[in-house]
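The working numbering puts the first residue of the sequence shown at 2, with every later residue one more than the last.
Note sheet for the following structure.
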Amino acid sequence: MRNNIDNKVLEEQYNKLYKPIIEYGFSEYNYDYRIRRTIDKKTGLVVNASVLMKEEVKNNYQFITQFDLKQIEF
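Below, the structure is given as structure tokens:
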């Protein structure tokens, strides 16, 4: 997936959206996606799941998004 990322486009977006506010130059783009889930073996249904997505320009900014999914008992 990292090979599909166009760093030139990322740097252009960074320079347009963030550099005027942050006042630091583009350095290096990093990302980390973590997915954890528990599945009930009997039913095959997801009991709970958690997804953490972190994107950052090294030493400049970081976006962290977390999704949590859980089964609701009636």
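Where is the CB? At the ideal position from N, CA and C, for every residue including glycine.
### Task
Let me know the secondary structure DSSP gives I40 once reduced to three states.
strand
### Query
To which residues of the same chain is V48 closer than 6 Å at the C-beta, ignoring the five residues directly before and after it?
A distance below 6 Å between beta-carbons, with the five flanking residues on each side excluded, links V48 to the following residues of its chain, in chain order: T39, D41, Q72.
#### Entry: Residue burial classification, Y15 (beta-carbon count within 10 angstroms, cutoff 16)
buried
### Query
I65 bridges to which residues according to DSSP?
K55
### Task
Could you tell me which residues DSSP puts in a beta bridge with V47?
I40
### Task
Ignore the nearest five residues each way along the sequence and tell me which others in V52's own chain have a CB closer than 6 Å to its CB.
I36, F68
### Nearest-angstrom Cα separation, counted from L46 out to E29
39 Å
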